[in-house]
Amino acid sequence: MRLTTRSKFAVVAIVDLASRSVGSPVALSALSERYEISVSYLEVLFSGLRQAGLVISTRGPGGGYTLARGARDISVADIVLASEVGKPGGAGGPADAMSSSQGAMTAELWAAFNHSVMEYLASVSVAELVSQQAPVERMPVAAEKSSPAKRMKPRPQLPREGVPNSVFALGASRALE
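So this is what it looks like as structure tokens:
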């Protein structure tokens with residue numbers, strides 16, 4: 000099993016859904032804008048998440064995606080496995096590019112490593128990730144509003160007297176010398 004950008008985007012998208020889809024679906028176009036991911040890439044990603052039973056789609060105006068289960072019932076491992084199914088090297092493909100003779104010496108090491116990683120990812124729920132993100136998202140907004148630097152007007156920067164303030168003035172002053 001490999002953790003790829005695809006699985007990372009899937010985790011980000013599911014956490015976003017969990018935090019924003021209270022009462023209404025989240026449109027892929029909104030996710031696309033927030034995370035600068037193309038809508039077509041998100042459509043492919045969400046197709047796999049929907050097939051795995053992690054999200055529900057709603058069509059029509061005001062449509063989008065919501066979680067199919069509670070955030071506490073979805074683990075990061077569920078998301079990673081759903082996003083990597085059917086990809087080469089993913090959950091549905093070969094484990095790695097080594098031949099059996101090349102990987103035989105370290106096969107147990109990598110099997111134990113993969114097991115440990117999946118065990119850890121299975122222990123982390125989407126609800127935990129949402130609770131970790133909530134304070135972080137609120138802090139910059141509050142800091143921006145109360146920051147003294149934001150309230151002060153910037154002082155205009157005027158050129159010092161006798162110093163040319165443009166390339167043209169500099170050229171003219173050099174011509175006079």
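By the count of numbering that gives the first Met the number 0, the sequence shown reaches residue 176 at its end, each step adding exactly one.
For glycine and all other residues, C-beta sits at the position ideal for the given N, C-alpha and C.
As the structure is a computational prediction, the values presented were derived from the model and not from experiment.
> What is the residue span of the beta strand (DSSP E) that Leu66 lies within?
Replying inline: Gly63 to Leu66
> Between Arg71 and Ser124, is the Cβ-Cβ spacing less than 9 Å?
Replying inline: yes
> Would DSSP call Val54 helix, strand or coil?
Replying inline: strand
> Any idea what DSSP makes of Ser23, helix, strand or coil?
Replying inline: coil
> Can the beta-carbon of Val84 be found less than 9 Å from the beta-carbon of Gly47?
Replying inline: yes
> Residue range of the alpha helix (DSSP H) that Leu80 falls in?
Replying inline: Val75 to Glu83
> According to the Cβ coordinates, are Ala9 and Leu44 closer than 9 Å?
Replying inline: yes
> Could you check where the alpha helix (DSSP H) with Glu118 kicks off and where it finishes?
Replying inline: Ala106 to Ser122
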